[in-house]
Structure formats: structure tokens, C-alpha cells
Amino acid sequence: METKKEALLAKEERKKNPRPPRLDPPPQSGSMFITVALIFTIVIFLLPLMALFHVRSRPVEVISDEPMVYIFATQQEYSEIKGWLEPELLANNLKWNIERGNLGQSFPNTGTDLLLIDAELAEQFYTRQVLAPIFDKRISTDFEDFFFPLWDAEPFKKNLGWVIPYSGRVDEARHLITVIRQFAEPFNL
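Under my numbering, think of the first position of the sequence shown as 144, with each following residue one higher.
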């Protein structure tokens, strides 16, 4: 009975003087690695969202359904070449946009499918490796495989010719050059 009495006394004592509540131990001070890892994780998840917002906020570049010929020439040369090229396009039922480029311009926009430029400028593009071969050749290393002159080269005369940028519609450009080569009247300035 004594133990029962002691248990009752202890119970009454606890009611009068309760023990302080047990708390979980305080968290350990976080290491720098955990903080950096948490920030890195947050940034990794936010970057795609920011990129998506950035892409969606830019205006959309409209690319024409029709292929584009870009002619690097003076205004007079451009007018003569366009006057020669448009009837050939119509006669062969080809739909191409024809635009004029400035001689000081480095490289036209990505919507360009075929260029008519000077041989020196074509060599610069060739060395930068941005041109596709004129004719479908598996191994093309010579500049002549990438430049099709509009007329035979002559001393002291501008040498304009066709080149195809890799970023353009290569097959359509090759088709147009083949049509011009086979059916068009020779062009001379």
C-alpha cells in the first residue's frame, strides 16, 4: 500500500508543480552547403520560367511562305537583275520574293534562301562556312562548288554569282539555279 500512497502523492505533486513541457531539441545551425544548395535548386526551377517569359514576350518574326532571293548590288544593278529574273520566275511558275541588300551589310536575315552577291563577298561567306554547295555534292571543298557566277569572269568587271546560305531553303534554291542555268537567257550588265 505504501507504493500506492506514494504514487498518489507524486500524482498530486505533479498537478501542483507540473514539469516543463518537453521540447524538441533546437535545430542544428545550417551549414553553408545546405543554403547554397537550396538557392541553386530554386534558381534551377525559376530559369526555365524566366526563359519562357522572355521568349513569349518577344515579337514573332514572320517568315514568308515564299522563298527569298537577296541581291547585293547597286540600285541600278538590282533593277536590271530583277527585270531579268522576274520573267524567268513567272515563265517557270516559281514564286520567289526578290529583295535588295546593301553592299555594306554583313549577312542577310535568316529568311534568305538564295543570294546573288559579288565573288569577293561570297569568298568571305565561304571562309565563315555559312554556305551550302550549289549542287548536291557529298564532299565539297572548292569555292567553285559554293559559287555559281552569273557570267564568265572578266578582268576589271564585277563578278556576281549565286550562293546558298545553309540557313535557307537549300533544295528550292538549287532548283531555281538549275532552272536559270537550263532555261534562262544569259544575263550581262
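Ideal placement from N, C-alpha and C gives every residue a C-beta, glycine not left out.
- In the three-state scheme derived from DSSP, where H, G and I count as helix and E and B as strand, PHE176 is classed as helix.
- Nearest Cα to ASN235 within the set GLN325, LYS154, PRO329: GLN325.
- Counting only runs of 3 or more residues that sit fully inside the segment 290–326, the beta strand (DSSP E) segments are 303–308, in chain order.
- Here ARG157 is exposed: its Cβ has fewer than 16 other Cβ atoms, across all protein chains shown, within 10 Å.
- In the DSSP assignment, LEU151 falls within the unbroken alpha helix (DSSP H) covering 145–159.
- When the five nearest sequence neighbours on each side are left out, the beta carbons in the same chain lying within less than 8 angstroms of the beta carbon of PRO329 are those of TRP294, in order along the chain.
- Contact check for LEU257 against LEU303 fails: the beta carbons are separated by 7 angstroms or more.
- In the three-state reduction of the DSSP assignment, LEU264 falls in the helix class.
- A distance below 7 angstroms separates the beta carbons of PHE289 and LEU274.
- Rounded to the nearest angstrom, the Cβ distance from PHE278 to ARG317 is 7 angstroms, consistent with a contact under 8 angstroms.
- The alpha-carbon of ILE177 is positioned some 10 angstroms away from that of PHE183.
- Per DSSP, GLU223 is one residue of the alpha helix (DSSP H) stretching across 218–234.
- Between GLU209 and the set LEU232, LEU192, PHE188, the nearest pair of CA atoms involves LEU232.
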